[in-house]
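Structure record follows, encoded as structure tokens.
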Amino acid sequence: MTTRSPIVAILWENWRLSRVEAAQRLAQGIVAASAALTFFHADAAVAFWILIATHSFFWFSIAKLNGGQFFDGYKPGFPFYLLYSRPVPTVTIVGAAMLYDAVSCTALYLVSSAFLRFAFGPPLPLFSVTVFLVAYHFAYTGVQWSTRNRVVQWIGTMATFLPFFALLKNRVASPLQVEFSLLENALMVLVGVVSFGFAVAGVARQRRGEARTAPPWTVEWRGFSDWLAGLFRFPCPTSSPARAQVWFDLKSSGLPVLAIGLAIAIVPPLLFAIGIPIAFVRPHALLSAMVSVPAVLILGGNAFGIRRKQGRTYASAFEATQAYGTARLAGLKVLVRTACLVAALIVVGVSVWASSSLVSAWGDWVVNGKAAAPGLLRRRRAIELAVGTMTAYEWLALAFVATIVVAVIVASRAAFTALRARYPRRVNIAVWLLLLHGFVVVLCGLAFQRGIASPFAFYSAQDLTNRVIAVVGAASVLATAYLFWSVLAERLLALRQACGAILVSAVFAAAWVTVVDSTGVPLSRMPATDAVRLLMWPTLLPLMVSVLAPWSLSRVRHT
Amino acid sequence: MEQIVDVNDLSRSFGSKRALDGVSFRATAGQVYGLVGANGAGKTTLLKHLLGLLRATTGSVRVFGLDPVRDPVGVLSRIGYLSEERELPEWMRVDELLDYTRAFHPTWDGSYARELLESFALDPSKKVKELSKGMRAQAGLIAAVAHRPALLILDEPSSGLDAVVRRDILDAIVRTVADDGRTVIFSSHLLDEVERMSDHVTLMHHGRVTLSGALDDVRRGYQRSRVRFVEHLDQPPVLATALAMEGGGRTWSVVHSGSLEQFHHSVLALGGEVIESRDATLEEIFLARAGRTRQPAEVA
Amino acid sequence: MDISINVTDGVPIYRQIVNQVKYLVASGLLLPGEELPPIRTLALQLKVTPNTIVKAYGELESSGVLHKRRGSGTFVSEGRQQLALRERRRIIEQRIDALLAEAHQLNFTADDILRMVRERKAAMDPGTTAEPAPVEKVEK
């Protein structure tokens, strides 16, 4: 390879690391925005926010170089620390990397919005947002890269995110139009330049080795951070392997989830309380209440503790070499994580409910010319009423259904992570196929809408989706049967455990029917196909997941 | 003698790279088995198959007569394992590590564990992430040997460790074999260690077993001789059965295997004589088989 | 027990142990009836596999140098003066072989060596008036 300028080399390196992610983001943004515009008949503002959301993050594939994990926003610090020993000035290194980040993300946004504008017509803003995006990226990466201090990273990210997006929100006009005044543009440019300066100074410090660093060789994902695991101290039981394993899973994954859930649960009451005197906070309080439950559900991933190190994913050899059966291991890990997740959900739910009662203290609150508080209180009372009229049996069924649903989510995410670790290429192909299918469906919908009806009249998007769902259903049934056979043949699951799984699924189906009934859906009077579809997935999913989880863990444990 | 490990014609590829190629390996009780080979020769891959971390795609692996993939509990409960990367959970304390491991092994000897903790001077309340590399190896070693496993598997146990910790590990190997005739399989780069500690040695190269047998038998098959020629030679002389040559000018050091007669004849034919001859050390055999010959040294 | 082993020698470890034990017995540093360290202890001391010690002790036992008393340990055999003589001869012969090989390398004949041995012996004995014979290094 011929020697070339270090700037070109750095830009090439950035490109090489982020190109797959760039393709993914481009596809994601366009597909999601198109779906919103066609299926949900959203207005252009929604598409705009989708695109902005997709393209405001820095490149995860570059941030990964530093270690850390997605939830934590990866470890702060300059990811290209390997360049420190090269004879290139810090300004060049940092400048090239920041420029690539800002320009590439902005370019992707421009391409996506131009495409959507051409395909669907809505006037998505193009160049008026350019300065905003570039400046925001400079500020964001500046904060991330200039320090190795986690606290500064979090505070700094908030400090850049809030003002920038508050400004953007204010400048989005109702028929979609974004206009920044000249002064605001100049201010954003200034912020960008200042961030660049901070970044250079910070990276220079790290380069000289003066930053308080974690040794960069720990470029691996260790699951939840160690201090979370150390929060709850209780001795390890030595009487039986099952108890010891439960202790291990509680400390390494279950209790951290609970702790994070508790932390999330504190936010809504706090914000609602602050909202009593300060009206500005109220919409954020509502947002926090709506977001907190899904936020906790995000924590249910990777129950098997798959690690990522230097690009390779593998199960921890420490756990894989303990004398414990694979199916039992999978079951325990899923159970512990589910239990802690359910506990966290209950805590968060109670906290949200309690804080929503504070709405009455908000008094006269006017949003868009109408009093908002009475509407919220009315909705709250309706929920109260609905819940109050449920019988004890229906309560039980609902609790059971909710728990099993959470367990299925945890188990399926764990299995997916395990499969992706073991068969990365096949899983990637499957995911891309799904995305492609989504894209094709959206295109069909678009064509249908635009009236290019004749060749596509036969396959309306709805029809196509229905057929695909039927195919997926049949494939799932076959896959479940295959997995059952495979798991029993390998002696992974004893016959007794397999029967147990079937029993639990049957009970779940019964409980599901009860819950659906209590919401007033007329099951007995529904056409057969609809009833089957309503019942099939709840029965099939727990069954499939209960064999998929041990099967996938076995594939990862015994590579 | 009980057949502890029986690996038969095992092959394994990772993508295009062939890590193991028709490897057969047997271990009987009460012996120490040393695995030697260059980096990437397949030692770790073979050991991982014994533990069930890798599934045998062709060939068979049996440990204690069981398949480690189908019956992980039956196999792993009688194995102590110290891995090269010393993968211990960072958040665990040393005492928690020992308690956790203890729960899985009913044969755990608490007094032995305590004795080892004291002799290593490990602080039980320290977290793994606060331990140095050597201390991690020590903690992992206690967890591996305290339940008196029937089979102790050590993957590069001395890599990157100082002499003190290395001595502890060697002691553990000795104790395991000396007490109740249990078995040890270890892989190492340090050939003098393998030479001292092994009863059987297996040499691997590019995924194949090139040499396997009792250490003394293996060494007897190779000789190292000093040869002196009448004339000064610029290039290493071509001698029958010679594998590697060192030296320069008139005096050469040759590692050769096979018939001594042939060797002596070819030396005489080139106008030289054998000054002395002895069994080759493992290091000499290893280097000779790796196919490297030293360039002739500058003549004084 | 004062034994050291050396891996770079090329001599099998068990053989080194056998030789050294025989030397210790022959030179009187190990007395008849004295107990030898148990296999485990010696293996830990020397950092070798116990099976090597087992082999060494086994060979020493079969050649009569040691004998195992059931349950008590391994002991040096009594009354083995004759064996000591044979062993002593063997040890010296090994040294002589090495000396001759070295001499040959340095271009000395066997006669030169004999002469030099006598000289060195005379120099070591105090009060003798043996004249050192002139030794010319005859370069051949």
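Chains as they are written, first to last, in the numbering used here: chain A, 5 to 563; chain B, 279 to 578; chain C, 3 to 142.
Backbone N, C-alpha and C define an ideal beta-carbon position, used for all residues, glycine too.
What you are looking at is a predicted structure, and each value in this text was computed from that prediction instead of being measured.
Among the options, nearest to residue i - alpha-carbon criterion
i              : options                        : result
A343 (chain A) : A:T395, A:A377, A:T393, A:I413 : A:I413
V511 (chain A) : A:V476, A:A403, A:A283, A:A434 : A:A403
A331 (chain A) : A:L15, A:A553, A:G99           : A:A553
D306 (chain B) : B:G343, B:A399, B:L332, B:G315 : It should be noted that the sequence gives Thr, not Asp, for residue 306 (chain B). Ranking B:G343, B:A399, B:L332, B:G315 by Cα distance to T306 (chain B) puts B:G343 first.
I357 (chain B) : B:P402, B:T488, B:R426         : B:R426
R4 (chain A)   : A:T58, A:R426, A:T110          : Nothing can be reported for residue 4 (chain A), as the shown portion of chain A is limited to 5 through 563.
L362 (chain A) : A:V50, A:V107, A:A293          : A:A293
L254 (chain A) : B:Y378, B:E280, B:F507, B:R502 : B:Y378
G201 (chain A) : A:S556, A:S150, A:F44          : A:S150
D349 (chain B) : B:S361, B:L331, B:A518         : B:L331
Beta-carbon contacts of residue i that lie in its chain and below 8 Å, excluding the five residues immediately before and after
i              : result
E80 (chain C)  : P34, G35
V24 (chain A)  : S65
L325 (chain B) : L313, I431, D433, I463, S465
S294 (chain B) : none
Coarse secondary structure for residue i, derived from DSSP in three states
i              : result
G81 (chain A)  : coil
K404 (chain B) : coil
D457 (chain B) : coil
H484 (chain B) : coil
N286 (chain B) : strand
E562 (chain B) : helix
L496 (chain A) : coil
T76 (chain C)  : strand
H425 (chain B) : coil
G335 (chain A) : helix
S256 (chain A) : helix
R414 (chain B) : helix
R90 (chain A)  : coil
R497 (chain B) : helix
H467 (chain B) : coil
D4 (chain C)   : coil
W566 (chain A) : Since the first and last residues shown for chain A are 5 and 563, residue 566 (chain A) lies out of range.
Cutoff 6 Å; reference residue i; Cβ partners in own chain excluding five residues on either side
i              : result
S338 (chain B) : N286
I7 (chain C)   : I15, Q18, L48
7 Å Cβ shell around residue i - same chain, five flanking residues per side excluded
i              : result
V261 (chain A) : L303, R341, C344, L345, A348
V409 (chain A) : none
L468 (chain B) : S436
A296 (chain B) : The question names Ala, but residue 296 (chain B) in the sequence shown is Arg. Counting only Cβ-Cβ distances below 7 Å, and skipping sequence neighbours, we find G485.
Query - Proximal residues, the segment 294-310 of chain B versus chain C, C-beta separation under 7 Å - result: Q309, V310
**Report entry** chain B contacts from the segment 38-71 of chain C (Cβ-Cβ distance under 7 Å)
**Finding:** I41, R42, A45, L46, K49, V50, T51, P52, N53
Query raised in the report: Does the segment 467-478 of chain A come close enough to the segment 60-74 of chain A to have 3 or more Cβ pairs within less than 8 Å?
Result: no
Query - Residues, ordered as in the chain, of the segment 463-486 of chain B that lie near chain C by beta-carbon distance below 7 Å - result: D470, E473, R474, M475, S476, D477
Query raised in the report: Do three or more CB pairs link the segment 506-526 of chain A to the segment 535-545 of chain A at distances below 8 Å?
Result: yes
Requested in this report: Could you tell me whether the segment 451-471 of chain B touches the segment 307-317 of chain B, using the rule of 3 or more Cβ pairs below 8 Å?
Outcome: yes
Requested in this report: Pull out every residue of the segment 377-391 of chain B whose Cβ sits closer than 9 Å to any Cβ of chain A, in chain order.
Outcome: D377, Y378, T379, R380, A381, F382, H383, W386
Query - Touching by the beta-carbon criterion (3+ pairs, under 8 Å), the segment 477-491 of chain B and the segment 315-326 of chain B - result: yes
Report task. Residues of the segment 11-31 of chain C with a CB closer than 9 Å to any CB of chain B: list them in chain order, please. Result -> D11, G12, V13, P14, I15, Y16, R17
Query raised in the report: Using a Cβ cut-off of 9 Å, which residues of the segment 83-95 of chain A contact any Cβ in chain E, in chain order?
Result: Reference to chain E is not applicable here, since the protein chains of this structure are A, B and C.
Query raised in the report: Touch check for the segment 191-200 of chain A and the segment 135-143 of chain A: three-plus C-beta pairs under 8 Å?
Result: yes
Query raised in the report: Within the chosen definition, does the segment 243-252 of chain A reach the segment 320-338 of chain A through at least 3 CB pairs nearer than 8 Å?
Result: yes
Query raised in the report: Between the segment 400-421 of chain B and chain A, which residues of the former have CB atoms less than 8 Å from a CB of the latter, in chain order?
Result: K405, K407
Query - Residues in the segment 99-115 of chain C having any Cβ partner in chain B nearer than 9 Å - result: A100, A103, H106, Q107
Query raised in the report: Using 8 Å as the Cβ pair cut-off and three pairs as the minimum, do the segment 11-21 of chain C and the segment 551-564 of chain B touch?
Result: yes
Requested in this report: Could you tell me whether the segment 100-114 of chain A touches the segment 6-18 of chain A, using the rule of 3 or more Cβ pairs below 8 Å?
Outcome: yes
Requested in this report: Could you run through the segment 422-437 of chain B and flag, in chain order, every residue whose CB is less than 9 Å away from some CB of chain C?
Outcome: none
Requested in this report: Scan the segment 243-259 of chain A for residues whose Cβ lies nearer than 9 Å to a Cβ of chain B and list them as they occur along the chain.
Outcome: S243, S244, P245, A246, R247, A248, Q249, W251, F252, K255, S256
Requested in this report: For the segment 345-364 of chain B, enumerate the residues whose C-beta is nearer than 7 Å to any C-beta of chain A, in chain order.
Outcome: V347, R348, P350, V351, L354, S355, Y359, S361
Query raised in the report: For the segment 441-448 of chain A against the segment 288-300 of chain B, are there 3 or more C-beta pairs whose distance is under 8 Å?
Result: no
Query raised in the report: Using a Cβ cut-off of 7 Å, which residues of the segment 550-562 of chain B contact any Cβ in chain C, in chain order?
Result: I553, E554, R556, D557, A558, T559
Report task. Name, going along the chain, the residues of the segment 529-558 of chain A whose beta-carbon falls closer than 9 Å to a beta-carbon of chain B. Result -> S558
Query - Residues in the segment 438-455 of chain B having any Cβ partner in chain C nearer than 8 Å - result: R445, L448, D449, I451, V452, R453, V455
Query raised in the report: With contact counted as at least three CB pairs below 8 Å, one residue from each stretch, are the segment 116-131 of chain A and the segment 37-51 of chain A in contact?
Result: yes
Query raised in the report: Residues in the segment 476-499 of chain A with C-beta within 7 Å of chain B's C-beta atoms, listed in sequence order?
Result: E494, R495
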